[in-house]
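What follows is a single structure, written as structure tokens, with notes after it.
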């Protein structure tokens with residue numbers, strides 16, 4: 128088999144056309160080389176530096192140091208402001224111990240002279256950044272990867288969640304949500320203080336984000352690799368960004384081999400023709416190795432190339448290739464729950480198409496109806512309905528590609544499924560809850576430049592009022608950490624070339640995607656079909 132390649136761009140670029148949360152507004156020089164904690168006192172920034180064991184008061188206009196005071200300990204990792212006092216957290220108990228000593232210690236200090244007004248020994252270890260929510264403190268405990276709300280005066284834990292991912296360092300509170308920076312993944316998370324779920328995932332401005340702060344309008348972040356302070360947007364009206372890209376040629380092949388002894392009376396190939404969309408740009412026209420019999424459009428609006436053959440004799444192989452040149456992007460959507468409309472805001476024409484039942488969904492089945500009630504209860508917020516279904520599936524299913532595509536009730540009762548089966552359950556539950564849902568199917572780059580794909584991948588798109596169709600990959604997001612769940616909610620990777628958009632059974636593709644082959648034969652005639660995609664680079 129011919130090897131096909133793809134070209135992968137391995138550096139991070141944000142397409143400048145789009146604004147996004149985390150977009151840099153201003154960059155200032157940090158006060159020293161080992162900055163960690165960061166907070167905002169209503170007028171100025173405070174920055175901790177573990178190298179000088181100092182706390183610096185910084186002018187946000189130009190970054191100049193207004194004053195500095197001695198830190199209360201030797202390993203300051205986080206700062207918070209409660210409206211009157213500066214709070215400082217030390218990850219090693221306030222004494223210059225070695226790496227084995229990670230009991231946290233919290234200080235309330237007088238910013239006039241650095242004197243300690245109150246101190247608390249904390250019952251969690253290796254604490255990182257700190258923030259104040261108006262009543263309690265929040266801290267990241269690195270050793271056990273916890274996000275903890277606690278009483279700063281005695282260290283009592285109020286609530287604990289697993290942190291979004293390992294490597295979280297920065298922490299701030301914007302009055303409604305927590306913001307967390309991660310130095311391993313170079314990401315920033317907007318996190319619900321109610322359940323610890325990640326609402327938005329965006330990107331750190333550089334390689335080693337540490338402390339974070341919120342000034343009432345913007346986020347601030349200190350990065351210890353660039354020794355810089357960054358002022359960043361907390362939100363924007365643009366719904367997406369495109370980052371890393373790859374440019375490649377896909378050769379998608381379908382074939383049928385007649386092993387006989389009889390003939391194939393009729394043979395029909397159907398190829399889903401990919402279109403340009405948010406995550407991909409089709410370069411030029413899609414080509415085929417032979418001219419299609421006709422171009423069709425199925426009931427879901429999918430364009431399809433049809434190839435028809437009659438009387439294919441024994442020993443004959445018919446093979447057709449589709450050639451697609453495309454640029455594919457990592458495409459991230461930013462969904463603000465409060466901006467999502469209601470069920471009443473969904474257009475009626477979409478409801479008529481994408482709320483209908485189909486044999487793979489069986490939305491009136493008691494198993495589906497019970498699951499919807501368990502997942503969403505009386506929830507009417509469209510965003511919360513979809514997110515609750517997403518998490519519900521992760522609690523009830525695990526991924527297993529065992530072959531065959533069973534109905535949604537069967538998959539849910541069985542407790543495992545393939546990407547297509549996760550998709551069927553998710554669509555069934557969304558439609559049963561009144562949220563339009565459909566699927567997209569793709570050919571996938573499988574990790575190497577010379578990759579071939581014969582497994583493919585399918586996921587869901589849901590309609591969110593005021594946003595439109597948003598990708599949700601319920602099988603991809605079935606991961607234990609909240610950051611990994613968020614990674615697949617509102618994201619399409621550059622690995623994927625979407626060929627197919629469908630709502631259910633198609634008169635040409637059936638329940639397949641990418642392509643389909645149908646045939647009729649004489650008795651005792653054996654036919655084998657294949658479909659696969661190969662990649663090659665475009666430089």
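Residue numbers (this note's numbering): 128 to 666.
A virtual CB, placed ideally from N, CA and C, is assigned to each residue, including glycine.
**Request:** Would you mind stating whether residue 341 and residue 549 have Cβ atoms separated by less than 8 Å?
**Result:** Translated into positions along the chain shown, residue 341 becomes position 214. Translated into positions along the chain shown, residue 549 becomes position 422. Not closer than 8 Å, so no.
**Prompt:** Looking at residue 630 and residue 517, is the spacing between their C-beta atoms short of 8 Å?
**Reply:** On the chain shown, residue 517 is found 390 positions in, with the first residue counted as 1. On the chain shown, residue 630 is found 503 positions in, with the first residue counted as 1. The Cβ atoms of residue 517 and residue 630 lie no closer than 8 Å to each other.
**Asked** Would you say residue 399 and residue 445 are within 8 Å of each other, going by their C-beta atoms?
**Response** Position 272 of the chain shown, counted from the start, is the residue given in the question as residue 399. Position 318 of the chain shown, counted from the start, is the residue given in the question as residue 445. Contact: no.
**Three-state secondary structure assigned by DSSP to residue 508** = The residue given as residue 508 occupies position 381 in the chain shown. Here residue 508 sits in strand by DSSP.
**Message:** Which of the three DSSP states is assigned to residue 600 in this structure?
**Reply:** Reading the chain shown from its first residue, position 473 is the one you call residue 600. Residue 600: coil per DSSP, three-state reduction.
**Asked** From residue 655 to residue 601, what does the alpha carbon distance come to, in whole angstroms?
**Response** Here residue 655 is taken as the residue at index 528 of the chain shown, counted from 1. Here residue 601 is taken as the residue at index 474 of the chain shown, counted from 1. Their Cα atoms are separated by approximately 32 Å.
**Request:** Consult DSSP for residue 406 and reduce its assignment to one of helix, strand or coil.
**Result:** Residue 406 sits at position 279 when you count from the first residue of the chain shown. Three-state result, residue 406: coil.
**Item:** CB contact flag (residue 513, residue 599, <8 Å)
**Value:** Taking the chain shown and counting its residues from 1, one reaches residue 513 at position 386. Taking the chain shown and counting its residues from 1, one reaches residue 599 at position 472. Yes, the pair counts as a contact, with Cβ atoms nearer than the cut-off.
**Request:** With a threshold of 16 other CB atoms inside 10 Å of the CB of residue 197, please say whether the residue is buried or exposed.
**Result:** Numbered from its first residue, the chain shown carries residue 197 at position 70. That one is exposed.
**Message:** Can you look up residue 327 in the DSSP assignment and give me helix, strand or coil?
**Reply:** Taking the first residue of the chain shown as position 1, residue 327 is located at position 200. The answer is strand: DSSP assigns residue 327 an E or B state.
**Request:** For residue 357, write down the residues that DSSP places opposite it in a beta bridge.
**Result:** Locating residue 357 in the chain shown gives position 230, where the first residue counts as 1. Beta-bridge pairing links residue 357 to 154, 348.
**Message:** Using 8 Å as the cut-off, can you tell me whether the region 552-566 makes contact with the region 612-619, which would need three or more C-beta pairs spanning the two stretches below that distance?
**Reply:** no
**Asked** For the 8 Å Cβ check, are there 3 or more pairs between the region 268-276 and the region 248-260?
**Response** Because the criterion of three Cβ pairs below 8 Å is met, the region 268-276 and the region 248-260 touch.
**Asked** In its own chain, which residues sit with a C-beta less than 6 Å from the C-beta of residue 358, not counting the 5 before and 5 after it?
**Response** Translated into the one-based positions of the chain shown, residue 358 becomes position 231. Only residues of its own chain outside the window of five on either side were considered, and among them 152, 153, 345, 347 have a CB closer than 6 Å to the CB of residue 358, listed in chain order.
**Message:** Let me confirm a value: residue 249 is counted as buried when at least 16 other C-beta atoms fall within 10 Å, else exposed. Which label applies?
**Reply:** Translated into the one-based positions of the chain shown, residue 249 becomes position 122. Per the 10 Å Cβ criterion, buried.
**Request:** Inspect the CB distances between the region 209-218 and the region 303-314 and report whether three or more fall short of 8 Å.
**Result:** no
**Asked** How many Å lie between residue 647 and residue 504 at the Cα?
**Response** Within the chain shown, residue 647 is the residue found at index 520, counting from 1. Within the chain shown, residue 504 is the residue found at index 377, counting from 1. Rounded to the nearest angstrom, the gap between the Cα atoms of residue 647 and residue 504 is 48 Å.
**Request:** Tell me whether the beta-carbon of residue 461 lies closer than 8 Å to the beta-carbon of residue 447.
**Result:** Counted from its first residue, the chain shown places residue 461 at position 334. Counted from its first residue, the chain shown places residue 447 at position 320. Taking 8 Å as the Cβ cut-off, residue 461 and residue 447 do not qualify as a contacting pair.
**Message:** Distance check for residue 275 and residue 247, CA to CA, integer angstroms please.
**Reply:** Numbered from 1 along the chain shown, position 120 holds the residue referred to as residue 247. Numbered from 1 along the chain shown, position 148 holds the residue referred to as residue 275. A direct Cα-Cα distance of roughly 15 Å separates residue 247 from residue 275.
**Message:** Taking its Cβ as the centre, do 16 or more other Cβ atoms sit within 10 Å of residue 432, making it buried, or is it exposed?
**Reply:** Position 305 of the chain shown, counting from 1, holds the residue named residue 432. Label assigned to residue 432: buried.
**Message:** Quick check: what's the CA-CA separation for residue 611 versus residue 213?
**Reply:** Here residue 611 is taken as the residue at index 484 of the chain shown, counted from 1. Here residue 213 is taken as the residue at index 86 of the chain shown, counted from 1. Straight-line Cα distance between these residues: approximately 34 Å.
**Request:** Look at the Cβ atom of residue 259, then the Cβ atom of residue 207, and state whether they are nearer than 8 Å.
**Result:** Taking the first residue of the chain shown as position 1, residue 259 is located at position 132. Taking the first residue of the chain shown as position 1, residue 207 is located at position 80. Against a cut-off of 8 Å, the Cβ pair of residue 207 and residue 259 comes out as a contact.
**Request:** Express the C-alpha separation of residue 537 and residue 633 in angstroms, rounding to a whole number.
**Result:** Translated into the one-based positions of the chain shown, residue 633 becomes position 506. Translated into the one-based positions of the chain shown, residue 537 becomes position 410. Residue 633 and residue 537: Cα-Cα distance of roughly 21 Å.
**Request:** Pull up the CB-CB distance for residue 494 and residue 540, whole angstroms please, since I reckon it's below 8 Å.
**Result:** By one-based count along the chain shown, residue 494 stands at place 367. By one-based count along the chain shown, residue 540 stands at place 413. Confirmed, Cβ separation roughly 6 Å.
**Request:** On a CA-only basis, which of 391, 335, 459, 202 is nearest residue 326? Give me that one, please.
**Result:** Taking the chain shown and counting its residues from 1, one reaches residue 326 at position 199. Minimum Cα distance to residue 326 is reached at 459.
**Item:** For residue 239 and residue 288, the rounded distance between their alpha carbons
**Value:** Your numbering for residue 288 matches position 161 in the chain shown. Your numbering for residue 239 matches position 112 in the chain shown. Computed Cα separation, rounded: 35 Å.
**Request:** Mind reading off the beta-carbon distance from residue 564 to residue 551? Whole number of angstroms is fine, and I expect it under 8 Å.
**Result:** The residue you call residue 564 lines up with position 437 of the chain shown. The residue you call residue 551 lines up with position 424 of the chain shown. Not a contact, Cβ separation roughly 10 Å.
**Asked** residue 169 to residue 234, Cα distance in whole Å?
**Response** For the purposes of this step, residue 169 is identified with residue 42 of the chain shown, where counting begins at 1. For the purposes of this step, residue 234 is identified with residue 107 of the chain shown, where counting begins at 1. Looking at the two C-alpha atoms, the distance is approximately 20 Å.
**Prompt:** Using a Cβ-Cβ cut-off of 7 Å (strictly less than) and excluding sequence neighbours within five positions of residue 186, which residues of its own chain qualify?
**Reply:** The residue given as residue 186 occupies position 59 in the chain shown. 171, 193, listed in sequence order.
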